[in-house]
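Written below as structure tokens is the structure these notes are about.
Numbering (the working numbering), first residue to last: 1495 to 1762.
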């Protein structure tokens, strides 16, 4: 039981590899205060700001495949190491904590144009949107729609009976400081007011495709694309995914500009 609890609260910090170092070599390191800790982020370029959010037990460098195409499109890019991940401080964290960190980072950075988020990073971005962080577009890769459902799936996979599962859920809620349902769509949907692109491999072995289907069904301006063959992590290294994400953001930003210009013309 403790192993499942720790899986949701104490991530294993990935060792920085030479590839990780190369991915961040041209970036400017940024330190952002959050809840008594120092978070590390990495920035590139000048222009409208796009925030990259990695998944659980990952790190900012794993999102680096999106950097070059975003820079070529004229964006600036910031990639965050979540609490207790990468070069950021902390030993424990959780999805809600990650979401609060994203809110703090967004305030530090100022205006955000878009986010690209993977797995648990997607859930963190949904929390931030519900807390008032605004973007023109967001991209979600293999993310959960319900923390409760993801936890229940892990509990079943761990062979826990119903009583033990409920006990563990209560312990996890106590550790997080809120019920698991606080990170479910029913509590976050009011922040989903902008266009979104959802990409997910139907054969993902780590995060069920049904999670993205649920997210798309609850999001009026979302488009779900089945990215067959990209898996749960390989999707971050797939050039076609990078291109799709950047094109989506460009198109939605252009549409927003046109809408504002037309609106101004009609008002004059």
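Beta carbons are placed, not taken as given, at the ideal position from N, Cα and C, and that holds for glycine.
| Asked | Found |
| --- | --- |
| Cβ contact check for the segment 1572 to 1580 and the segment 1544 to 1564: 3 or more pairs under 8 Å | yes |
| Strand pairing of residue 1522, partner residues [DSSP] | 1537 |
| N- and C-terminal bounds of the beta strand (DSSP E) containing residue 1603 | First-last for residue 1603: 1589 to 1603, but that is the alpha helix (DSSP H), not the beta strand (DSSP E). |
| Contacting residues, own chain, Cβ-Cβ under 6 Å from residue 1669 (five flanking each side not counted) | 1503 |
| CB contact flag (residue 1736, residue 1560, <7 Å) | yes |
| Best match in 1713, 1696, 1554 and 1566 for proximity to residue 1682 [C-alpha to C-alpha] | 1713 |
| Where the beta strand (DSSP E) through residue 1544 begins and ends | 1543 to 1547 |
| Identified DSSP bridge partners for residue 1505 | According to DSSP, residue 1505 bridges with nothing at all. |
| Pairwise C-alpha distance: residue 1625 and residue 1597 | 7 Å |
| Residue environment, residue 1729, which counts as buried when at least 16 other CB atoms sit within 10 Å | buried |
| Where residue 1593 falls, given that 16 or more other Cβ within 10 Å makes a residue buried | buried |
| Per DSSP, the bridge partner or partners of residue 1610 | 1546 and 1633 |
| Proximity of residue 1544 and residue 1518 at Cβ, strictly below 7 Å | no |
| Residue 1714 - partner residues in DSSP beta bridges | Answer is none; residue 1714 lacks a bridge partner. |
| CB contact flag (residue 1720, residue 1632, <7 Å) | no |
| Cβ contact check for the segment 1633 to 1650 and the segment 1702 to 1711: 3 or more pairs under 8 Å | yes |
| 6 Å CB neighbourhood of residue 1659 in its chain, flanking five on each side removed | 1649 |
| Contacting residues, own chain, Cβ-Cβ under 7 Å from residue 1508 (five flanking each side not counted) | 1551, 1552 and 1553 |
| Nearest-angstrom Cβ-Cβ length linking residue 1630 and residue 1688, presumed shorter than 8 Å | 6 Å |
| Helix, strand or coil at residue 1552 according to DSSP, with G and I counted as helix | coil |
| Range covered by the alpha helix (DSSP H) that runs through residue 1573 | Per DSSP, residue 1573 belongs to no alpha helix (DSSP H); it is in the beta strand (DSSP E), 1570 to 1574. |
| Beta bridge counterpart(s) of residue 1528 as assigned by DSSP | 1531 |
| Pairwise C-alpha distance: residue 1580 and residue 1522 | 15 Å |
| Distance, residue 1678 Cα to residue 1684 Cα | 12 Å |
| Beta-bridge pairing of residue 1719 - partner residues as DSSP gives them | 1693 |
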